[in-house]
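Chains as they are written, first to last, in our numbering: chain A, 1245 to 1361; chain B, 1245 to 1361; chain C, 1245 to 1361; chain D, 1245 to 1361.
All C-beta atoms in this analysis are idealised placements derived from N, C-alpha and C, irrespective of residue type, glycine included.
In this text the structure is predicted, and so the values were computed from the model without any measurement.
Data first, discussion second: the structure below is written as structure tokens.
There are 4 protein chains.
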Amino acid sequence: MTVDDAASPAAEAATPGTPSAPQGPHGYAKQKDQHLKRLRRIEGQVRGLQRMVEEDVYCIDILTQVSAGTKALQSFALQLLEEHLRHCVADAAIQGGPEADAKVAEATAAIARLLRS
Amino acid sequence: MTVDDAASPAAEAATPGTPSAPQGPHGYAKQKDQHLKRLRRIEGQVRGLQRMVEEDVYCIDILTQVSAGTKALQSFALQLLEEHLRHCVADAAIQGGPEADAKVAEATAAIARLLRS
Amino acid sequence: MTVDDAASPAAEAATPGTPSAPQGPHGYAKQKDQHLKRLRRIEGQVRGLQRMVEEDVYCIDILTQVSAGTKALQSFALQLLEEHLRHCVADAAIQGGPEADAKVAEATAAIARLLRS
Amino acid sequence: MTVDDAASPAAEAATPGTPSAPQGPHGYAKQKDQHLKRLRRIEGQVRGLQRMVEEDVYCIDILTQVSAGTKALQSFALQLLEEHLRHCVADAAIQGGPEADAKVAEATAAIARLLRS
């Protein structure tokens, strides 16, 4: 893992040579393509659910597909969260002060929402 | 969101030429339109997530949106499950025999998958 | 599964002196001993958590144990739910009428609470 | 509920003979008493479930109580996790190096287990 160079000033510059490229400000910038691919697959799962309903597929089979979609969304969330902890929360910890505390509280609240959903 | 216009051209017309359209064989047949509308809204949420990633929206805000999507999928699942219990499982109970037991076991397994996802 | 013979040595004797214990009125009555055994195991897990906190065990190990406890509670809930569907809900379906509908709505609400917890 | 008297006999002795007890090395050390109180309340809930099963309480009411217990366990986990992020993970971030990465990966895995449970 070359996560540590993330600590350096340029960390976020996913594509440094692109001058007008908006600096992805967040931890997940590098995985952007991977995230988008995942989300498109989830979108396909949701469209598959619509087809199943239209074609009167058996309820239980639809429920199985819903579970798969939910699981995929949560995997995406976990990956995003890991990058967030690794970058935003860690950076705030290094800065210290109330901002560090606030970042941890904010991340915990997000985890609580995931748990309740 | 232009999700709803997906409804207009035909979307719901699963079996257009069937005058006395056989009631879809499953419990959710009557709520079909409502289910499809819900699922299109969820599809819109997942597309919204892609936009958020593309526009480098703050991780925590994306996570909040993921929680909303997961919740929406689970509400859909619960509604489908309720209709399944009300029709398929109840009908099997009235018939009695091993089929009734099998239906309950199958529904419980589906609930377990939802809980674990 | 040889779960039932676990009941023999004493099954921790819920009400030992009651020879012809009246069958509890609910679906889970027959599995009572098994349920009580499960719940005592979960109680032991929660006491184990207290010991871990007292002995300053590493947070992550405590969290792993919490996950195990939550999973055990949910397995118990699923088993109870299955018996409820198999007996109370099925009986109401056979009776028919508004009571049947009410039972399904009630069970679905309970499942929703489990999903949200 | 006579949950609290569970605390009296000894409550497994929070700080028995150790006068200058070294502060537990982990983030949750300061909240120890609060955590133990919470866990004893959860233990009381699980004992309450046993009573409900013994007294043939209606299944749905038992399920409601299970949801409450699960929720309480997850609240405990979230609080522990927040302290863990605030102390152990933040400290590791300040130190930097592979240890920082390992702590984040470990915390994420724990969150994944909570989500799946």
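Beta-carbon spacing of residue i, residue j below 8 Å
| i | j | result |
| --- | --- | --- |
| VAL1301(C) | GLU1287(D) | no |
| THR1308(C) | ARG1357(D) | yes |
| THR1352(B) | THR1314(A) | no |
| SER1311(C) | SER1361(D) | yes |
| CYS1332(C) | CYS1332(D) | no |
Three-state secondary structure (DSSP) of residue i
| i | result |
| --- | --- |
| GLY1268(B) | Low per-residue confidence applies at GLY1268(B): pLDDT is 46, beneath 50, and the placement is therefore not dependable, though the value from the model is reported in the following sentence. DSSP places GLY1268(B) in coil when its eight states are reduced to three. |
| VAL1310(D) | helix |
| ASP1277(D) | helix |
| SER1319(D) | helix |
| ASP1335(D) | helix |
| VAL1301(C) | coil |
| GLY1340(C) | coil |
From the options, residue whose alpha carbon lies closest to that of residue i
| i | options | result |
| --- | --- | --- |
| LEU1317(D) | ILE1306(C), GLN1323(C) and ASP1345(C) | ILE1306(C) |
| LEU1363(A) | MET1296(A), PHE1320(A), GLN1294(A) and LYS1315(A) | Since the first residue shown for chain A is 1245 and the last is 1361, residue 1363(A) is missing from the structure and cannot be characterised. |
| GLU1299(A) | ALA1344(B), ALA1273(B), HIS1328(B) and SER1311(B) | ALA1273(B) |
| MET1296(D) | CYS1303(C), LEU1283(C) and GLY1292(C) | LEU1283(C) |
| ASP1345(B) | ALA1349(C), GLN1339(C) and HIS1328(C) | HIS1328(C) |
| GLN1278(C) | GLN1275(D), GLN1294(D), ARG1285(D) and ASP1277(D) | GLN1294(D) |
| GLY1340(A) | LEU1359(D), ASP1335(D) and GLU1343(D) | ASP1335(D) |
| ILE1355(D) | LEU1324(D), PRO1342(D) and GLU1343(D) | LEU1324(D) |
| LEU1359(C) | LEU1322(B), PRO1342(B) and GLU1343(B) | LEU1322(B) |
Residue burial classification, residue i (beta-carbon count within 10 angstroms, cutoff 16)
| i | result |
| --- | --- |
| ALA1337(D) | buried |
| GLU1326(C) | buried |
| ALA1349(C) | exposed |
| GLN1275(C) | buried |
| ALA1251(B) | Summary for ALA1251(B): the model assigns pLDDT 35, below 50, so the residue's position carries little reliability, and this model does not support an answer. |
8 Å Cβ cutoff, residue i in contact with chain F
| i | result |
| --- | --- |
| ALA1354(B) | Any reference to chain F falls outside this structure, whose protein chains are A, B, C and D. |
Residue i Cβ short of 7 Å to the ligand PLP heavy atom set
| i | result |
| --- | --- |
| GLY1313(D) | You won't find the ligand PLP in this model; it holds no ligand whatsoever. |
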